[in-house]
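Quick mapping for you: the protein sequence lines, in order, are chains E and V. Under the numbering used here, read the first sequence as residues 1 to 313, first letter to last. Under the numbering used here, read the second sequence as residues 314 to 575, first letter to last. Just so you know, even glycine gets a beta-carbon here, dropped at the ideal spot from N, CA and C. Since the model is a prediction, treat every value here as computed from it, not as a measurement. Report on one structure; see the data block that follows.
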Amino acid sequence: MSAEPAAIDAANISKSYGSRQAVINVSFQVKPGEVFGLIGPNGAGKTTVLRMLVGLIRPTSGSVSLFGHDVRADFENALRPVGAIIENPEMYKFLTGRQNLAQYARMRPGITNAQIDETVALVGLADRINEKITRYSLGMRQRLGIAQAILHHPKLLLLDEPTNGLDPQGIQELRQMIRHLADSQGMAVLLSSHLLHDVQTVCDSIAIINQGRTVASGGIASFTQGKAASYRFVVADLNRAVELSKAQKWKIVSKDETANALVVESDQEPSSLNESLVKAGIKVSRIEGVTRSLEDAFLELTRGANGSTGGLS
Amino acid sequence: MGGLVYNEISKIVAQRRFFVVMALLTVIAILSALTMRGFAGALGVTAAQMVSTGASGGFAQLLFPLLIAVIVGDIVAGELTEGTLKLLLIRPVSRWKIWLSKLIAAFFVSVALVCYSALCIYVALGAASGFGSFSTPALAEGGSSYAVVTLRAYGLEMISLLSVVSVFLLISTVAENGVAAVGLCMGMTVICSICMPILHFFSSTKWIEYTFFEQWQIAGQITNSFPLTGWTIGGSIAVLAAWIVICIASGIAIFQWRDVKS
Ligand SMILES: Nc1ncnc2c1ncn2[C@@H]1O[C@H](COP(=O)(O)OP(=O)(O)O)[C@@H](O)[C@H]1O
Ligand SMILES: [Mg+2]
């Protein structure tokens, strides 16, 4: 196998809007066929990163190549295998859905009417495609946005918060479609979202971005492993157990008054805490390991200097 | 490039205001044909002899530019305001091609608009005072037939139109907002039409004659209604060509380099 160039190679990209640094030294790679999540709270810099990937704005420093073609120096070749939605997919309000798609189809050679029909059916707009898009709901516009992005069977799909405006069923369908496109056509996909659970089930790997910096990246599994372990203790006297745990340098993750349970976290062995509790006369009826959720990792990583975890539902 | 120009033209003509402008033009052309009728009747001239005047004077300097401003003034800025520009610019098509296709489309639509205006004048005037013959020699305009005079006048008007759309596209590229861009194009045209005569009156400086606005009347060189003295057709073409090159070069340069954030 020859070394295939990365679908996306973002090398140390930074962007300032005036004096505001929106993105600071972000680097990541997405392999062909990989589904990659760019996750961060509102204002983290996701859209700014995507704008740089497709050449809408030029990085203040750093560079981007798509499939080995530099976006600035070799724009047409870099963008040829790409489909994208950046922020809201605004289209021409005075045209119908189909006329809008036809506009984009004419910008590439060889897109047939059959291909347009097939894409329209795939996004579930077949019965409304001949209406002016002023009559579309937000969800329908989002579907049409996805249609224009996948019309030409791209090898790289960039979707900026694609679940905006979709109902839960639409979100579910979108996830399935993304996974299907990645698995059946080997399409690389970059998804951005401020909602972790939107993407965690479809992504192979993720990068978490906060205040313009990547704070973590890697395979999904790496976020839930190798960290301090958590344990859930069900005890007879919750308040005393909490105090004792604190004294033993265990971190209290949560406590549940009704179930008389507390979740604690530490590098120490749980048996040592159990021993201490029993010695202090607190009956322990159950101990279980708790897998650290990705959500916890995300919250921890994005708990920024200004505490901005806004936008998490 | 063909597909790109087709796209741009289809976007212009799919908007309702294109038809509003065309309807307005129809009314204005018919009304001016009817005012010309008295003049034509007194001189005993026909529609074939008068239609070439529809390429000069207030038509070329004010009416056409204002109508063109309404139709294409926001052709770049409007897509920025509406947010449609970003989906347009993420295709494997360099930005300069998109800009040029917008210019060509704006030019084609403007040419169609002016040809339609000529047709309206011809039909309205012909119905009122006779169509006449294009093969009559045009004695006051050098002796060739009115067919030749008409073609030369409208031919030069095409150069004028290209400079109009080049200036407007540059304005549309610099402006951040579609409505503002249309306003700027129209405002500039109106202000020029008010200020230029005043400047001519108070100053004898020659630079005013080198503005695109003064040269937009270039077709008047054929119909003996060009307001400036001492200008040849070649001189006027050279001035307009220089403006066209300057506007296209700076328009593309700005469009190519700007950040598209909305
Ligand atoms: N056009 C712009 N002009 C100035 N600042 C901007 C602009 N767009 C975004 N920003 C700022 O850049 C930062 C990152 O924004 P953005 O990339 O839109 O974040 P996200 O997509 O993750 O919500 C924010 O602080 C935002 O206020
Ligand atoms: Mg965003």
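For VAL54 of chain E, at least one C-beta of chain V is nearer than 8 Å to its own C-beta.
For GLU161 of chain E, the shortest separation between its Cβ and any heavy atom of ligand 2 lies below 7 Å. Against chain V, a Cβ distance below 9 Å from MET177 of chain E picks out nothing, because the smallest value is about 19 Å.
Every beta strand (DSSP E) stretch that sits fully inside the segment 59-141 of chain E and reaches 3 residues is listed by chain position as 61-66 and 82-85. Near ligand 1, meaning a beta-carbon closer than 5 Å to one of its heavy atoms, we find E:TYR17, E:ALA22, E:ASN42, E:GLY43, E:ALA44, E:GLY45, E:LYS46, E:THR47, E:THR48 and V:LYS574. The beta carbons of VAL364 of chain V and ILE434 of chain V sit closer together than 8 Å. A residue is called buried once 16 or more other Cβ atoms fall within 10 Å of its Cβ, and GLN103 of chain E is buried on that count. VAL558 of chain V is classed as exposed because its beta carbon has fewer than 16 other beta carbons within 10 Å across all chains shown. Taking each of V:VAL358, V:LEU393, V:ALA419 and V:PHE377 in turn and checking the Cα distance to VAL318 of chain V, the smallest one comes out for V:ALA419.
At least 8 Å separates the beta-carbon of LEU376 of chain V from that of VAL478 of chain V.
Between LEU464 of chain V and ARG404 of chain V, the alpha-carbon positions lie close to 40 Å from each other. In summary, the residues of the segment 315-337 of chain V whose CB is separated from some CB of chain E by less than 8 Å are GLY316, LEU317, TYR319, ASN320, SER323, LYS324, ALA327, GLN328 and ARG329, in the order they occur in the chain. Nearest neighbour of VAL480 of chain V by Cα position, chosen from V:PHE331, V:GLY564, V:PHE352 and V:GLN569, turns out to be V:GLY564. Listed along the chain, the chain E residues whose CB falls inside 9 Å of the CB of LYS415 of chain V amount to none; the nearest CB is some 13 Å away.
By the C-beta density criterion, TYR17 of chain E is exposed, having fewer than 16 other C-beta atoms within 10 angstroms.
The beta-bridge partner set that DSSP reports for PRO540 of chain V is empty.
When distances are taken from the beta-carbon of GLU90 of chain E to the heavy atoms of ligand 2, even the shortest one reaches 7 Å or more. Under the three-state reduction of DSSP output, VAL334 of chain V falls in the helix class.
Boundaries of the alpha helix (DSSP H) around ILE507 of chain V: 491-515. With three or more CB-CB distances shorter than 8 Å, the segment 561-575 of chain V counts as touching the segment 385-398 of chain V. Think of a sphere of 7 Å around the beta carbon of PHE67 of chain E: no beta carbon from chain V falls inside it, the nearest being about 12 Å out. Per DSSP, reduced to three states, the secondary structure at PRO450 of chain V is strand. The C-beta of LEU400 of chain V comes closer than 8 Å to at least one C-beta of chain E.
The segment 254-269 of chain E makes contact with the segment 229-236 of chain E, as at least three CB pairs between them are under 8 Å. Residue burial is scored here from C-beta neighbours: LEU157 of chain E has at least 16 other C-beta atoms within 10 angstroms and is therefore classed as buried.
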